[in-house]
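Colleague: Let me begin by handing over the structure; questions about it come next.
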Amino acid sequence: MEGDIKEIVRDLWGIRWVNYTQLEASGTRGGIILMWDNRVWEGEISSIGSYSVPCNLQRLQVRIRTSLGILLEYMHQMT
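Here is the structure:
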């Protein structure tokens, strides 16, 4: 997937409190989408590498169910 995928991420996550980052697919390598509930986690993406999305997330002191979703997306399935 390329470009702005905000609506796709919200459809996948199902709630509006989602933050995400993505590593776009390149050639035959699939991309990475990292999603988290911003009511539960806060943090920053340190950098986006060729094969990884390193980030520092800290849990907020909130009493709700936590979710951290990782979805590997392959371009050939989406086109």
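Note that UniProt numbering has the sequence shown beginning at 1, numbered continuously upward. Beta carbons: idealized from backbone N, C-alpha and C, even for Gly.
Per DSSP, what kind of secondary structure is ARG10 in: helix, strand or coil?
Modeller: Here ARG10 sits in helix by DSSP.
Colleague: When the distance is taken between beta carbons, is ILE48 closer than 8 Å to LEU12?
Modeller: Contact flag unset, no.
Colleague: Are the beta-carbon atoms of TRP9 and ILE33 separated by less than 8 Å?
Modeller: Note on residue identity: the sequence assigns Val, not Trp, to residue 9. The answer is yes: Cβ separation under 8 Å.
Colleague: Could you name the residues of the same chain whose beta carbon sits closer than 8 Å to that of LEU60, not counting the 5 residues immediately before and after it, in chain order?
Modeller: Counting only Cβ-Cβ distances below 8 Å, and skipping sequence neighbours, we find ARG39, VAL40, TRP41 and GLU42.
Colleague: Between MET35 and TYR20, what straight-line distance do the alpha-carbon atoms span, to the nearest angstrom?
Modeller: Rounded to the nearest angstrom, the two C-alpha atoms are 4 Å apart.
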